[in-house]
Each structure stands twice: as structure tokens, then as C-alpha cells.
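Enquirer:
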Amino acid sequence: MMAEYEFVETSSRNITENGQQLRVVNFRGTDQSSVPNEKLNVDGSFTMPLTEYFQAGVDGELPNKIKEYVVGRLQAE
129 MMAEYEFVET
139 SSRNITENGQ
149 QLRVVNFRGT
159 DQSSVPNEKL
169 NVDGSFTMPL
179 TEYFQAGVDG
189 ELPNKIKEYV
199 VGRLQAE
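So the sequence shown is numbered by the working numbering: it starts at 129 and just counts up by one.
(1) Excluding the five sequence neighbours on either side, which residues of its own chain have a C-beta within less than 8 Å of the C-beta of SER140, listed in chain order?
(2) Can you list, in chain order, the residues of its chain whose CB lies under 6 Å from that of SER161, leaving out five sequence neighbours each side?
(3) DSSP has GLY172 in a bridge; who is on the other side?
(4) Please list, in chain order, all residues of the same chain as VAL136 whose beta carbon is under 7 Å from its beta carbon, the five residues on each side excluded.
(5) Ignore the nearest five residues each way along the sequence and tell me which others in LEU178's own chain have a CB closer than 8 Å to its CB.
Below, the structure written as C-alpha cells:
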């Protein structure tokens, strides 16, 4: 469903919720197969544990983490 989308972090910030350090990740997904003059972008944000965020960054996996989040939300009932 989202195979042609490229996800990037647009901004992020730290928060503390119930004593846990989290990172709010704002993102944009763009359809790389869009035909001219037609686009369907996906913008949003979600939270993830701060250590998981930094590890995903070190591993170069943040775009995949964002995609997993988006696909999970789209498939939720």
C-alpha cells in the first residue's frame, strides 16, 4: 500500500510523559510514483521512546520506523 512512499522526519522534540522520556517525531511521506499535478502526501506525528529514536537514527532506520507507524495506523480498525 505504501511501498512507493518516502518518509522523512520534518522536526522533532523531547517530551516527558508519565516520567518517561519520549520524542515527538513530525514527518512527511511523499508518493514517489505520483503522476504530474497529482500528489497525496501523508503528514503527521507520533511519539516513541527517546532511546529508540536515537538508535533508529544511528542505524539509519528512522524512515522505516515512521513507515511502520503510518501503515499500522492505516490498517487499524
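Beta carbons are placed, not taken as given, at the ideal position from N, Cα and C, and that holds for glycine.
Expert: The structure says:
(1) ARG151, VAL152, VAL153, ASN154, TYR181
(2) GLU132
(3) PHE155
(4) Counting only Cβ-Cβ distances below 7 Å, and skipping sequence neighbours, we find PHE155, ARG156, PRO191.
(5) ASN142, GLN149, LEU150, ARG151
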